[in-house]
Amino acid sequence: MKVGMVSDTHGDPAGWRSAFALLSTCELILHAGDHLYHGAFNPVLPSYDPREMAREFNECPVPMLHARGNCDSDVDQLALRDPIMSPYVICRLDGVNIMLTHGDAMEERALAEMAARYRMRLLVRGHTHVSGLWEHGPVLVCNPGSPSLPKGDGIPSVAILEGGRVSIYDIRDGTVLQSRELP
Numbered sequence: 001m002k003v004g005m006v007s008d009t010h011g012d013p014a015g016w017r018s019a020f021a022l023l024s025t026c027e028l029i030l031h032a033g034d035h036l037y038h039g040a041f042n043p044v045l046p047s048y049d050p051r052e053m054a055r056e057f058n059e060c061p062v063p064m065l066h067a068r069g070n071c072d073s074d075v076d077q078l079a080l081r082d083p084i085m086s087p088y089v090i091c092r093l094d095g096v097n098i099m100l101t102h103g104d105a106m107e108e109r110a111l112a113e114m115a116a117r118y119r120m121r122l123l124v125r126g127h128t129h130v131s132g133l134w135e136h137g138p139v140l141v142c143n144p145g146s147p148s149l150p151k152g153d154g155i156p157s158v159a160i161l162e163g164g165r166v167s168i169y170d171i172r173d174g175t176v177l178q179s180r181e182l183p
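This note's numbering numbers the first residue of the sequence shown as 1 and each following residue consecutively.
What follows is the structure, encoded as structure tokens:
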């Protein structure tokens, strides 16, 4: 199963469209939160349009699972068809236990330790807008970054799980930024 991962779209349909160009062939997309609202500490992009972003999520032809981000609200949920208000989503795909969360409510190490206790192999988290892949014991931690407001290296990105490997992609040209096998 090919699974897309995205986070921190913050109401930017232009960033989402670029991300979806890579994720459109996935069978499922995991969104790690901060869907519509830009938040008090992020700039308002010229392409910021939360209503349009909600429409595009609602019409997405690929099924999506969503975790709640710290900028997601009850009002955002009213605009969206799929539930976004759970702080944690746990699923099993092709024998791989996956935990999806925004990652703002718990320190990184504690979050990875919790995922290990629940025998997760992949922890997908967002919040920092910085993409990365790293192992914490038996868990691969993936932050897909942000297609809209990337921080760190400033490269807008998403991730894809396919064939036991997670890869992070630059959404501008499809370049693989990082890639790791599941532990």
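Cβ coordinates follow ideal geometry from the N, Cα and C atoms, glycine included.
Taking 8 Å as the cut-off, decide whether the C-beta atoms of ILE84 and HIS35 are in contact.
-> yes
Enumerate in chain order the residues of its own chain whose CB-to-CB distance from SER179 is below 8 Å, with the five nearest sequence positions on each side excluded.
-> LEU133, ARG165, VAL166, SER167 and ILE168
Straight-line gap, GLY174 to LEU22 (C-alpha atoms, nearest Å) = 7 Å
Span separating the alpha-carbon of PHE57 from that of THR25 | 16 Å
Exposed unless 16 or more other CB atoms sit within 10 angstroms - verdict on ALA40 | exposed
Thinking GLY4 and ILE160 are a contact (beta carbons under 8 Å), I'd like their distance in whole angstroms, please.
-> 6 Å
So who's on the other strand from ASN97, going by DSSP bridges?
-> ARG92
What are the residues that DSSP puts in a beta bridge with TYR169?
-> VAL158 and VAL176
What are the boundary residues of the alpha helix (DSSP H) that ASN143 is part of?
-> Where ASN143 is concerned, there is no enclosing alpha helix (DSSP H), although the beta strand (DSSP E) it sits in stretches over 139 to 143.
LEU78 lies in the alpha helix (DSSP H); which residues open and close that run?
-> 74 to 79
Per DSSP, what kind of secondary structure is LEU36 in: helix, strand or coil?
-> Three-state DSSP puts LEU36 in coil, outside helix and strand.
Host beta strand (DSSP E) of LEU28 (start-end) = 28 to 31
Give the C-beta separation of TYR88 and ALA67 to the nearest angstrom, bearing in mind that I take them to be a contact with Cβ-Cβ under 8 Å.
-> 7 Å
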